[in-house]
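Taking it in order: structure first as structure tokens, then the write-up.
Residue numbers (this note's numbering): 22 to 246.
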């Protein structure tokens with residue numbers, strides 16, 4: 022996967038990610054570059070004009086590097102007491118923010134189900150601010166994830182506005198899994214069928230719904246407080 026910036030390079034090195042290539046702007050140096058070379062990365066440099074062409078951000082951050090993607094399997098769910106499942110979440114910015122928030126609150130794992138954005142695309146990776154290297158992030162079909170979580174003793178709650186939905190605060194989240202749906206359509210019918218209960222985040226204003234990233238942040242906070 023492709024990453025940019027000195028902070029991200031430091032996060033990658035600390036996590037033990039296998040770096041492949043490092044491209045720096047001419048005249049820029051950092052101890053992290055030497056560390057990356059010592060770990061086997063191939064170093065290149067480019068003049069400012071070429072470096073800007075290689076960068077995907079408006080203000081390039083002096084270093085661009087490629088590394089192997091973190092490899093998380095379904096086994097990561099077996100030791101996770103609190104799990105967030107994302108059901109068709111397509112917005113890269115929202116996904117990156119959710120992964121960053123989940124890691125900040127030490128959530129056990131995040132599961133990306135059908136229709137989600139690529140967690141290792143450059144925009145998502147930038148939005149995670151390094152969390153992508155530390156947070157167990159598993160890509161798994163929803164049905165398979167639900168079966169595994171139930172086998173591990175975790176109830177499955179779907180966030181959905183429905184006549185039988187209960188407030189999020191009324192269920193025990195100390196050991197649980199919660200499904201967050203897509204930005205436009207919410208959770209799928211499959212998610213509703215597989216869930217043990219439907220929950221809502223009560224709101225006092227007139228807004229019909231919350232941004233998926235905001236809803237996920239509230240859920241994560243409630244799960245880990």
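Note that beta-carbon positions come from the ideal geometry of N, C-alpha and C, so glycine has one too.
| field | Nearest-angstrom Cα separation, counted from residue 46 out to residue 148 | value | Straight-line spacing of the CA atoms in residue 148 and residue 46 works out to 22 Å.
| request: Rounded to whole angstroms, what's the CA-CA distance from residue 115 to residue 158? Just pull it up for me. | output: One C-alpha to the other measures close to 15 Å.
| field | DSSP beta-bridge partners of residue 86 | value | Looking at the DSSP output, residue 86 shares a beta bridge with 24, 43.
| task | Give a yes or no on contact between the region 95-108 and the region 127-139, applying the rule of three or more CB pairs nearer than 8 Å. | result | Note that the region 95-108 touches the region 127-139; at least 3 beta-carbon pairs, one per stretch, sit closer than 8 Å.
| request: Rank 72, 191, 141, 235 by C-alpha distance to the C-alpha of residue 88 and give the top, closest one. | output: Minimum Cα distance to residue 88 is reached at 141.
| said: Give me the DSSP bridge partner(s) of residue 230. | reply: According to DSSP, residue 230 bridges with nothing at all.
| query | In whole angstroms, what separates the C-alpha of residue 221 from that of residue 181? | reply | One C-alpha to the other measures close to 6 Å.
| said: By DSSP's criteria, residue 219 is part of a beta bridge. Which residues make up the other side? | reply: Bridge partners of residue 219: 179.
| request: Using the DSSP secondary-structure output, state which residues sit across from residue 200 in a beta bridge. | output: In DSSP, residue 200 forms a bridge with 106, 179.
| field | Selected residue, minimal CA-CA separation from residue 176, among 200, 183, 160 | value | For the residues 200, 183, 160, the minimum Cα distance to residue 176 belongs to 200.
| Candidates 194, 146, 161: closest to residue 77 by CA position | For residue 77, the closest C-alpha among the options 194, 146, 161 is that of 146.
| said: Let me check understanding here. Comparing Cα to Cα, which of 112, 215, 86 lies closest to residue 34? | reply: If you compare the alpha carbons of 112, 215, 86 with that of residue 34, the shortest gap goes to 86.
| Are the CB atoms of residue 122 and residue 241 nearer to each other than 7 Å? | The answer is yes: Cβ separation under 7 Å.
| Start and end of the beta strand (DSSP E) containing residue 66? | Secondary structure note for residue 66: its beta strand (DSSP E) is the uninterrupted segment 63-67.
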